[in-house]
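In our numbering, the protein residues as written are 5 to 407. In this text, a Cβ means the ideal position worked out from N, Cα and C, and glycines have one as well. If you're wondering where the values come from, they're calculated on a predicted model, not measured in any experiment. Structure, as C-alpha cells:
See below:
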C-alpha cells in the first residue's frame, strides 16, 4: 500500500468539512472588507523567495522544496503566499494603477521541516494582501478583520503587536543591536551567531530559552523609532484599545521573514499545546519596489488552516436537499429524470439500487436530507411519489408532475 509522504496528509470526511468551513467563513469576511480572490501558481522561480523572504531566513536556508526542472530552471514549491501575490501584482502592472488593490487567497504551501501537530510539510494558508494604502488605519482594519474571522469561527486568541521601524530608524537600531549581541555572542546558539552577521533582528525571534534569557536586556526598537513610526504605533494602540481588541506589546516580535517593516502582529493560541501563532503578518512597504515594481505601501497576513482546525466550532449541520430511492427496479429511470430536474436548484442523493423501505431509511439517515422521496410499485402505477419532510415528519403522496 502506498501511503502519503511524511508530513503530508489527506483531508477527508470531517476534516475536509472543517477546512471548507474555515475557508468559506474567512472568504466571506474578507469580501466584506473589499478583498477579491487571487490564485497564484504553486511553483515559482526560486529567486522570488530568495529576494523577498530573504536568504538569511530559515525558509530559504533550510526548508524550501527547491529543484532544477527539465528546462534547467531553478524553481521551488511556494513556502508562503505573499511573495507570489506581490509578483502577480507587479506582473499585471497593477503597481502602475492609482487604484488601491486588495486580494485574498488560500491554498497549499510547502516547507521541509520536522512534522508535528499543526505543522506539516504541505500545509494550507488563508491570507490577504492590501496594496496602495500607507495609513495606519489600514493596519488596524486588517487586524480587526482577522479578529472577526476568529470570532466567527469560535476561536480564542491573544494578539501581540510590535513595530519594526522603517529605513530611517532601523539602521541605527541595527548597529546598537549588533554591538549588544557581539558582547554576548558566546552565550547565544549557533543560529543566533549566524544571524548577527546576516540579519541581527532575527536573533530576537530565537526560540532557544537560553538565548531569550540573555536577550531580556537587549536594545528595544520601540525606544528607537523615528517620529513617524512612533506616532503610527501610538495611534494603532489607541485604535485597538478603543475597539476593545485586547493586545500585548511584544518587543521581540519580528516575524520570520525579511520583508516586514513598521507594524508586525501575531495572533496566538494556548489551545493547541504550547502557545503557538495561528495567524501573523504586518506591513511590507518596500517589497513591491524590491521586486522591481513601482514603490507601493502594502500590508498582509496569513493564517494557518491546519493549526486552527481542531479549535473551530462547527455550526450545527442542517438537513439539506432530497434523498431519492426506488423500491422496484422499474422505478429507477423515473427517479433519474426527477433527480436531474431537482439538481438545477437543490442537492440530491440518489440510490441506484431498488431496496425495501427500511433499507432506504438507513440511507436517508446517512445522507441527512430534508426530504425523503420514494417510488414503490403502487406509486409507479399511479404516477405518484411518497414524500416525507424529515424536519416535521409530515408524509404525503403527490403526483410526479407536481414535484
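Determine the direct distance from the alpha carbon of residue j to that of residue i, and round the result to whole angstroms.
i: residue 297; j: residue 372; result: 52 Å
i: residue 70; j: residue 350; result: 45 Å
i: residue 263; j: residue 56; result: 6 Å
i: residue 227; j: residue 18; result: 48 Å
i: residue 1; j: residue 284; result: Nothing about residue 1 can be reported from this structure: the residues present for the chain run from 5 to 407 only.
i: residue 3; j: residue 107; result: Residue coverage of the chain in this structure runs from 5 to 407, which leaves residue 3 outside it and unanswerable.
i: residue 357; j: residue 7; result: 33 Å
i: residue 377; j: residue 152; result: 41 Å
i: residue 51; j: residue 341; result: 55 Å
i: residue 273; j: residue 163; result: 9 Å
i: residue 333; j: residue 323; result: 27 Å
i: residue 247; j: residue 76; result: 53 Å
i: residue 360; j: residue 306; result: 51 Å
i: residue 208; j: residue 258; result: 7 Å
i: residue 236; j: residue 144; result: 10 Å
Can you say whether residue i is buried or exposed, counting buried as having 16 or more other CB atoms within 10 angstroms of its CB?
i: residue 220; result: exposed
i: residue 302; result: buried
i: residue 158; result: exposed
i: residue 83; result: buried
i: residue 181; result: buried
i: residue 211; result: exposed
i: residue 167; result: buried
i: residue 150; result: buried
i: residue 402; result: exposed
i: residue 171; result: exposed
i: residue 33; result: buried
i: residue 174; result: buried
i: residue 141; result: exposed
i: residue 49; result: exposed
i: residue 96; result: exposed
Mapping DSSP to helix, strand and coil, what is residue i?
i: residue 353; result: strand
i: residue 122; result: coil
i: residue 9; result: coil
i: residue 183; result: helix
i: residue 98; result: helix
i: residue 161; result: coil
i: residue 392; result: strand
i: residue 152; result: helix
i: residue 166; result: strand
i: residue 188; result: coil
i: residue 400; result: strand
i: residue 374; result: coil
i: residue 140; result: helix
i: residue 17; result: helix
i: residue 116; result: coil
i: residue 407; result: coil
i: residue 331; result: coil
i: residue 2; result: Residue 2 is absent from the structure shown; the chain starts at 5 and stops at 407.
i: residue 272; result: strand
i: residue 325; result: coil
i: residue 134; result: strand
Here's a check: name, in chain order, each residue in its chain whose Cβ is nearer than 6 Å to the Cβ of residue i, leaving out the five neighbours to either side.
i: residue 244; result: 251
i: residue 313; result: 22
i: residue 343; result: 328, 352 and 354
i: residue 117; result: 67
i: residue 407; result: 389
i: residue 315; result: 159 and 275
i: residue 222; result: 184
i: residue 206; result: 199
Excluding the 5 residues preceding and the 5 following residue i in the sequence, name in chain order all residues of the same chain whose CB lies nearer than 8 Å to its CB.
i: residue 27; result: 110, 130 and 309
i: residue 216; result: 210 and 256
i: residue 292; result: 90, 93, 94, 99, 135, 298, 299, 300 and 302
i: residue 41; result: 31, 107, 108 and 109
i: residue 105; result: 93, 98, 134, 135 and 136
i: residue 138; result: 289 and 301
i: residue 404; result: 338, 342, 387, 388 and 389
Just to confirm my understanding: we take residue i, look at its own chain, exclude 5 residues before and 5 after, and list those with CB closer than 7 Å. What are they?
i: residue 13; result: 124
i: residue 197; result: 189
i: residue 396; result: none
i: residue 400; result: 391
i: residue 47; result: 79 and 81
Would you say residue i lies against chain C (beta-carbon separation less than 7 Å)?
i: residue 391; result: The structure shown has no chain C; it contains just one protein chain.
Jot down the residue ranges of each uninterrupted beta strand (DSSP E) in the stretch 197-270, minimum 3 residues, whole runs only, in chain order.
-> 251-253
Can you list the beta strand (DSSP E) stretches of 3 or more residues lying completely in the stretch 275-321, in chain order?
-> 280-287 and 302-308
Counting only runs that start and end within the stretch 35-106, where is the alpha helix (DSSP H) found for 4 or more residues in a row?
-> 50-53 and 86-95
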